[in-house]
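Here is the structure we will look at, set down as structure tokens.
So, in structure tokens, the structure goes:
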């Protein structure tokens with residue numbers, strides 16, 4: 165059988181000639197064409213990638229193997245790679261055979277095998293985009309209505325409502341205790357049995373009947389922590405017990421060894437205590453009692469509790485995957501000396517540190533300011549973006565920054581929910597959402613989220629302080645929701661030092677230091693000059709909420725603040 | 022020994038190929054150990070990845086030597 169195989173980056177021609185061989189009675193052609201939909205999403209093109217040398221060999225091997233069962237005269241296979249627009253041919257197969265039966269059988273079997281063994285991949289799907297979306301002309305293609313919506317600045321509370329209502333908890337998964345650290349519990353955990361499972365001594369000493377008034381006792385048994393030796397003590401009898409030992413019967417108390425005199429197997433009580441020195445059965449938890457509720461973030465203490473009740477694979481929020489891009493041509497790596505006009509990248513480590521508290525897998529990369537170059541670069545990381553639950557884009561400090569992030573998110577298929585919040589620092593914050601494709605049901609446990617993977621994106625204003633504020637206010641709220649928890653909440657504190665500010669039409673989040681003092685939370689505002697100010701960040705552990713047009717908050721007055729802790 | 026990465030494995034490793042210089046031939050387990058040491062992110066993919074040696078799928082007992090071209094083949098999706 166004649167075989168011809170091509171792996172090519174060019175379009176496959178409309179008419180293909182097959183090598184003339186013998187006198188075929190059947191001539192079968194197949195074209196696999198790129199459809200306008202991939203996983204329920206409208207697309208404009210698919211990108212294919214191949215391992216060409218091996219792909220050719222595998223195709224050859226498959227065709228030889230199949231033709232031994234379905235003899236044909238000639239086969240020609242062409243697979244295109246690279247970006248293939250909707251409607252164009254991705255794969256062509258032409259078969260010549262003496263009879264149609266063999267040709268059809270060979271083609272069917274070959275196409276099935278191709279999809280299993282030949283090293284060719286759909287690298288990514290390029291989403292269908294509205295026309296005219298590119299750098300610095302982003303608003304030209306938008307309707308007047310969406311333009312208005314995007315221009316409108318939301319208040320802080322409105323923005324939080326949008327985020328909380330749009331971010332649904334991602335499907336929960338079962339994970340080991342070790343993997344569950346820092347994740348949100350998604351089920352109620354009940355005690356499997358009484359804790360402790362019987363009366364236990366809290367002291368080294370002698371167990372005697374609670375109402376036994378004898379002066380001296382005969383020691384009839386010795387019980388260590390791991391011993392389980394039930395017996396009914398009688399009046400005048402004692403059992404030597406270690407701390408933590410299970411007591412041999414009910415209604416006992418333990419006399420500390422410091423309070424007895426011991427001679428052979430006789431003990432004499434020197435001083436009687438009022439305490440029984442016994443932890444009673446079920447004192448900590450009763451079998452079936454709920455010990456942890458859904459929504460709790462699992463710290464080491466909660467994990468220890470899970471271990472103690474034998475829950476080794478709790479249902480928890482998934483480990484979140486975050487893709488973070490920095491942008492701006494003025495950004496240089498922290499290990500380099502910036503030339504005039506350049507600044508070192510502090511946002512990457514800031515974001516990485518902030519995300520670490522949320523148990524995320526983080527991928528970071530830098531994008532050049534040129535939109536077309538950035539798109540190409542993203543193309544190489546497309547599967548990362550597709551897999552990510554959250555996409556963060558840090559804008560550069562340049563003028564073009566605002567124009568860059570929105571078209572980029574649009575190009576990636578995100579719906580723009582809002583793009584301005586009336587706060588400082590951090591007003592130009594973009595929040596987008598993407599419906600996404602479905603996740604295999606077999607990988608999921610629980611059903612809090614409806615099928616269909618949801619992804620969210622934030623475009624963060626480039627300045628470090630804006631980053632810090634927007635992360636704690638908004639990104640943290642979104643991450644907490646995705647994980648199945650509640651997210652940060654404002655608390656009340658008292659100003660230890662007067663906060664002075666000029667009246668501002670935007671709500672201000674003022675960096676501060678919060679200390680506990682005499683049962684109160686005292687707030688000391690930290691000096692900051694601009695949203696690029698990093699010096700105050702090293703100390704900040706609270707953000708004071710300064711209402712619109714409020715120029716000062718007096719010493720001793722109360723104020724809302726956001727604690728910088730993860731709950 | 023040249024080791025190639027394709028599709029999502031390029032994302033996981035951040036490159037499309039590396040050179041390994043093992044002192045002697047490696048079996049499958051030894052090869053994976055060497056790769057995971059350099060790219061821990063590959064661990065998540067290992068269960069779904071097939072290995073090829075000189076443009077053919079490698080048998081489980083294959084030995085990979087210094088002049089081989091090895092590739093990590095994630096689940097394919099051509100056609």
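Chains as they are written, first to last, in the working numbering: chain U, 165 to 731; chain C, 22 to 100. Glycine residues also receive a C-beta, built at the ideal position from the N, C-alpha and C atoms. Just so it is clear, the structure is predicted and the values come from calculations on it, not from any experiment.
Cβ of residue 29 of chain C within 8 angstroms of any chain U Cβ: yes
Complete runs of the beta strand (DSSP E) confined to the region 649-678 of chain U [at least 3 residues]: 655-659
For chain U, is any of its Cβ atoms less than 8 angstroms away from the one on residue 76 of chain C? yes
According to DSSP, simplified to helix, strand and coil, what is residue 704 of chain U? coil
Cutoff 8 angstroms: residue 94 of chain C Cβ touching any chain U Cβ: yes
Can residue 42 of chain C and residue 95 of chain C be called in contact, C-beta distance under 8 angstroms? no
Could you please give me the residues that DSSP links to residue 684 of chain U through a beta bridge? U:681
Going along chain U, which residues have a C-beta under 7 angstroms from residue 73 of chain C? 218
Residue 526 of chain U: first and last residue of the uninterrupted beta strand (DSSP E) it sits in: 524-531
Any beta carbon of chain C sitting closer than 8 angstroms to that of residue 516 of chain U? no
Residues of its chain near residue 441 of chain U, where Cβ-Cβ distance is below 7 angstroms and the 5 sequence neighbours each way are ignored: 365, 366, 367, 369, 417, 418, 420
Chain U contact residues for residue 70 of chain C, given Cβ-Cβ distances below 8 angstroms: Residues of chain U passing the Cβ test: none, with the nearest at roughly 11 angstroms.
For a cutoff of 8 angstroms on Cβ pairs, would you count residue 530 of chain U as touching chain C? no
DSSP state of residue 27 of chain C, grouped into three classes? coil
Quick one: measure Cβ to Cβ for residue 243 of chain U and residue 99 of chain C, integer angstroms, because I've assumed they're closer than 8 angstroms. 6 angstroms
According to DSSP, is residue 727 of chain U part of a helix, a strand, or is it coil? strand
My output table needs one value for residue 41 of chain C: the three-state DSSP class, helix, strand or coil. coil
Is there a Cβ of chain C sitting closer than 8 angstroms to that of residue 665 of chain U, yes or no? no
Ignore the nearest five residues each way along the sequence and tell me which others in residue 606 of chain U's own chain have a CB closer than 8 angstroms to its CB. Reliability of the predicted coordinates at residue 606 of chain U is poor, the pLDDT of 37 falling under 50, and no value is obtained from them.
Consider the C-beta atom of residue 237 of chain U and the heavy atoms of the ligand FMN; say whether any pair is separated by less than 7 angstroms. Looking at this structure, you won't find the ligand FMN or any other ligand, since it has none at all.
Whole-angstrom distance between residue 454 of chain U and residue 384 of chain U, CA atom to CA atom: 39 angstroms
Name the chain U residues that come within less than 9 angstroms of residue 32 of chain C, Cβ to Cβ? 527, 544, 545, 546, 547, 548, 551
What residues match up with residue 487 of chain U in a beta bridge as DSSP calls it? U:527, U:555
Residue of U:392, U:588, U:554 minimising C-alpha distance to residue 319 of chain U: U:588
Neighbourhood of residue 285 of chain U by C-beta, 6 angstroms cutoff - its chain only, sequence neighbours within 5 removed: 213
So for residue 693 of chain U, helix, strand or coil by DSSP? coil
Take residue 249 of chain U as the anchor and find which of U:187, U:582, U:173 has the nearest alpha-carbon. U:173
Minimum C-alpha distance to residue 199 of chain U - residue among U:253, U:222, U:169, U:215: U:253
Taking the C-alpha atoms as reference points, what is the distance between residue 411 of chain U and residue 375 of chain U? 16 angstroms
Neighbour-count burial assignment, residue 178 of chain U, 16 or more Cβ in a 10 Å radius: exposed
Does the region 344-356 of chain U come close enough to the region 378-393 of chain U that 3 or more CB-CB pairs lie under 8 angstroms? no
Assess, as a yes-or-no matter, whether the region 568-578 of chain U is touched by the region 49-63 of chain C under the definition of 3 or more beta carbon pairs within less than 8 angstroms. no
Is residue 302 of chain U buried or exposed, if buried means 16 or more other CB atoms sit within 10 Å of its CB? Here residue 302 of chain U scores only 35 on pLDDT, less than 50, and its place in the model should not be relied on; the value that follows carries that caveat. Buried: at least 16 other Cβ atoms inside 10 Å.
Spell out a yes or no on whether the region 668-677 of chain U and the region 685-692 of chain U are touching, meaning 3 or more CB-CB pairs, one atom from each, closer than 8 angstroms. yes
Can you tell me which residues form a DSSP beta bridge with residue 622 of chain U? U:556, U:595
Buried or exposed by the 16-neighbour rule on C-beta atoms within 10 Å, applied to residue 258 of chain U: buried
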